Amino acid sequence: MSGTLRKGSTCPICAKAKLVPIVYGLPGMELRRDSEMGLVSLGGCVVTGNDPELECLSCEAKFMRDGEWVLISER
Ligand SMILES: [Zn+2]
Numbered sequence: 002m003s004g005t006l007r008k009g010s011t012c013p014i015c016a017k018a019k020l021v022p023i024v025y026g027l028p029g030m031e032l033r034r035d036s037e038m039g040l041v042s043l044g045g046c047v048v049t050g051n052d053p054e055l056e057c058l059s060c061e062a063k064f065m066r067d068g069e070w071v072l073i074s075e076r
């Protein structure tokens with residue numbers, strides 16, 4: 002995978018939805034609301050140091066930046 006992805010980019014996998022940032026840690030009320038509105042994805046509290054930064058809300062593809070963007074498939 003090459004090219005640049007950023008939040009708001011159209012998902013290169015399904016082209017149906019935009020990518021949203023994945024936020025880690027315990028979400029506050031604002032983050033929960035943003036999540037419900039589809040603005041962010043909540044990544045949970047467990048951070049491994051190898052965590053994807055962007056997620057597609059349609060196909061659930063996750064992307065991590067490791068020099069270039071890498072697709073992380075969890076399905
Ligand atoms: Zn997608």
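Per the working numbering, residue 2 is the first one in the sequence shown, and the count goes up by one each step. Built from N, CA and C at the ideal position, the CB exists for glycine as well. For clarity, every value in this text was computed on a predicted model and none was experimentally measured.
Excluding its 5 nearest sequence neighbours in each direction, GLU54 has C-beta neighbours in its own chain below 8 Å: PRO22, ILE23, PHE64, MET65, ARG66, listed in chain order. In this structure, DSSP gives SER59 a state outside helix and strand, which the three-state scheme calls coil. For GLU37, the uninterrupted alpha helix (DSSP H) run begins and ends at 30 to 37, by DSSP.
Around the beta-carbon of ALA62, 16 or more other beta-carbon atoms lie within 10 Å, marking it buried.
Between the C-alpha atoms of GLY50 and GLY68 there is a straight-line separation of about 15 Å. Distance between GLU31 and SER10, taken at the CA atoms: about 23 Å.
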